[in-house]
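Per UniProt numbering, the very first residue in the sequence shown carries number 1; after that it's consecutive. Yeah, the Cβ is synthetic: ideal placement off N, Cα and C, and Gly gets one too. What follows is a set of notes on a single structure, which appears directly below.
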Amino acid sequence: MGTYRYVVRDTLRLFFRHWGLSLLTLVTAASVFFLVGASSLLALNIRKIAVNIQSDLVIQAYASSEEAVHHIIDALKDNRDIAELKYISPQEGLDRLRAKMGAQSKAVTLLGDNPLPWTIEIKVRQALLVTSIVKQLSGMSEIDDLMYSGALAERLVKLSSLISKIALTVLVIAMLVSGLVFYNTIRISIYSRRQEISVMLLVGSTRSYVASPFVLNGMLLGLLGAVAAVILLHYGQLHVMGTIDAVLPFLRQQLQWREIVLLDQVLLCAGVTMGWLCSFVAVRHYIKNAAAPL
1 MGTYRYVVRD TLRLFFRHWG LSLLTLVTAA SVFFLVGASS LLALNIRKIA
51 VNIQSDLVIQ AYASSEEAVH HIIDALKDNR DIAELKYISP QEGLDRLRAK
101 MGAQSKAVTL LGDNPLPWTI EIKVRQALLV TSIVKQLSGM SEIDDLMYSG
151 ALAERLVKLS SLISKIALTV LVIAMLVSGL VFYNTIRISI YSRRQEISVM
201 LLVGSTRSYV ASPFVLNGML LGLLGAVAAV ILLHYGQLHV MGTIDAVLPF
251 LRQQLQWREI VLLDQVLLCA GVTMGWLCSF VAVRHYIKNA AAPL
């Protein structure tokens, strides 16, 4: 019991003795994990948007007659890249338009005769398949016009990949910078107590007993830095997403709550792990040299 009390007491003493350096380490760790978390949230949200667009991706082909529609469907029904084929008559299309316009649906009567063409809705399995299907459709004389948003989905997929690479680069650089700060913080703490450590080793204290306060101090700094980052992320996310919802409602939060909680847990574990690793390397290196025979 006395051993645990000593370790906890010494951990807190190390934390507050060099409060300026501890504060710098906390700010650095919080900044690192905030950047990592923000990059991850952005990449995951864009990927979710791309996936949602792909699942709702529809190519609309317009034809002038019902006979042309059936000819097109017969030509496409065996295509394995197509998930669903459906045709819409001009009257059904007009009814849909009225339903979408709601209270302003009376304006549709100003159009006179129904100007809408026969429409074929084609759902593809993946956004990357749109180009090949559009080429096939473009070669059909029965089709008067085409409308599709495949380019948007492809751009979102590419943007998601780019942001993931940027997030990985930010992660590596930020972790290196934060690791150096952690390492030097622990080294300064060790240096300030070098005589006490030497005496403890001389009287027979185990290396793990001597190293424990420094390792726990590093883990505490990492955990607190990650906690601060998580709080900032949640506050920033609520503020930013509230603004985006008001301006661009289709870009609203795409992630489920459990996915956000999982990201928080990853950041907290990363903070503890980085603090443990850096402090362990620093104190192990010093104690190994201090315990070496003269």
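Could you check the C-alpha separation between residue i and residue j for me, to the nearest Å?
| i | j | result |
| --- | --- | --- |
| PRO145 | HIS70 | In the sequence on display, residue 145 carries Asp and not Pro. Cα-Cα distance, rounded: 16 Å. |
| ARG155 | ALA127 | 10 Å |
| ASP81 | LEU267 | 40 Å |
| THR131 | LEU44 | 25 Å |
| ARG284 | LEU216 | 13 Å |
| VAL261 | LEU233 | 12 Å |
| LEU220 | ILE46 | 33 Å |
| LEU180 | VAL58 | 51 Å |
| SER89 | ILE143 | 15 Å |
| LYS48 | LEU263 | 15 Å |
| TYR209 | VAL7 | 8 Å |
| ILE73 | SER138 | 14 Å |
| LEU85 | TYR148 | 14 Å |
| GLY222 | GLU196 | 25 Å |
| GLY236 | GLY37 | 11 Å |
| ALA30 | ILE190 | 23 Å |
| TYR87 | GLU121 | 6 Å |
| MET175 | THR169 | 10 Å |
| SER192 | LEU24 | 18 Å |
| SER198 | HIS239 | 52 Å |
| ALA63 | LEU159 | 34 Å |
| LYS123 | ARG258 | 30 Å |
| ASP95 | ASP113 | 13 Å |
| SER22 | ILE173 | 21 Å |
| ARG98 | GLN91 | 11 Å |
| ARG17 | ASN52 | 52 Å |
| GLN256 | CYS269 | 20 Å |
Per DSSP, what are the beta-bridge partners of residue i in this structure?
| i | result |
| --- | --- |
| SER124 | The question names Ser, but residue 124 is Val in the sequence shown. Per DSSP, ILE82. |
| VAL27 | Bridge partners of VAL27: none, in fact. |
| MET147 | GLN60 |
| TYR87 | ILE120 |
What whole-angstrom Cβ distance do residue i and residue j have, given they're in contact under 8 Å?
| i | j | result |
| --- | --- | --- |
| LEU26 | GLY225 | 5 Å |
| ARG194 | ILE287 | With 8 Å as the limit, ARG194 and ILE287 do not qualify as a contact, their Cβ atoms being about 11 Å apart. |
| ALA75 | MET140 | 7 Å |
| ALA229 | PHE34 | 4 Å |
Only counting the same chain, and skipping five residues up and downstream in sequence, which positions put a Cβ closer than 6 Å to that of residue i?
| i | result |
| --- | --- |
| LEU294 | Note that LEU294 scores a pLDDT of 44, beneath 50, so its modelled location is shaky and nothing firm can be said. |
| TYR4 | none |
| MET274 | GLY222 |
Just to confirm my understanding: we take residue i, look at its own chain, exclude 5 residues before and 5 after, and list those with CB closer than 7 Å. What are they?
| i | result |
| --- | --- |
| TRP19 | none |
| GLY93 | LEU116, THR119 |
| GLY218 | PHE182, ILE186, GLY275, TRP276, CYS278, SER279 |
| PRO213 | VAL7, ASP10, THR11, LEU14 |
| ARG125 | ASP81, ALA83 |
| GLU66 | TRP118 |
| ILE188 | HIS18, LEU21 |
Ignore the nearest five residues each way along the sequence and tell me which others in residue i's own chain have a CB closer than 8 Å to its CB.
| i | result |
| --- | --- |
| MET200 | TYR209, VAL210 |
| VAL177 | THR28, VAL32 |
Any C-beta of chain B sitting closer than 7 Å to the C-beta of residue i?
| i | result |
| --- | --- |
| LEU24 | Judged by its chain identifiers, the structure shown contains no chain B, having just a single protein chain. |
Spell out a yes or no on whether the segment 8–18 and the segment 161–175 are touching, meaning 3 or more CB-CB pairs, one atom from each, closer than 8 Å. Inter-segment contact for the segment 8–18 and the segment 161–175 is absent: fewer than three beta-carbon pairs are separated by less than 8 Å.
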